[in-house]
Amino acid sequence: IDQIALMLQAALAARHKVALKLNCRAGALDEVVALLPSLHAPTVSHLYDPEWLAVETIVDTDAVRELIPRLRAAGAEGILVYELRKMI
């Protein structure tokens with residue numbers, strides 16, 4: 001029963017959240033990250049090209065519409081938004 005409750009709570013927690021993934025140049029990272037809400041801190045990974053980084057975080061679904069134009073203006077490219085199934 002505990003496992004079922006955990007999975008149900010995880011599905012409910014993810015209900016109003018989406019994952020956001022984007023690329024940006026290293027010089028734009030601070031400005032891009034400053035715009036991003038996250039649970040702790042966004043995940044930042046280096047791409048094969050050392051000038052570029054990938055940034056990933058979880059945001060409220062309602063925030064995406066206003067957030068994406070601000071991210072683009074800050075230098076974000078290749079922005080992906082995808083639904084979550086569970087958030088534990």
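If you count the sequence shown from 1, position 6 lands on 6 in our numbering, and the numbers rise without skipping.
Built from N, CA and C at the ideal position, the CB exists for glycine as well.
Just so it is clear, the structure is predicted and the values come from calculations on it, not from any experiment.
So, with DSSP's three-state summary, where would you put residue i?
i	result
D30	helix
L20	strand
Mind reading off the beta-carbon distance from residue i to residue j? Whole number of angstroms is fine, and I expect it under 8 angstroms.
i	j	result
A19	E56	7 angstroms
L22	G78	6 angstroms
Beta-carbon within less than 6 angstroms of residue i's beta-carbon, same chain only, minus the 5 sequence neighbours each way: which residues are those?
i	result
T43	E56
K86	A10, A11, A14
P37	V59
If I measure Cβ to Cβ from residue i and keep anything under 8 angstroms in the same chain, skipping five residues before and after, which residues do I get?
i	result
A28	A74, G75, A76
L84	A14, K17, V18, A19, I58
Short of 7 angstroms in beta carbon distance, which residues of its chain neighbour residue i, apart from the five on each side in sequence? Order them along the chain.
i	result
H16	D60, T61
#### Entry: Runs of alpha helix (DSSP H) lying entirely within the segment 28 to 79, each at least 4 residues, in chain order
The segment 28 to 79 contains, as complete alpha helix (DSSP H) runs of 4+ residues, the segments 29 to 35, 64 to 74 (chain order).
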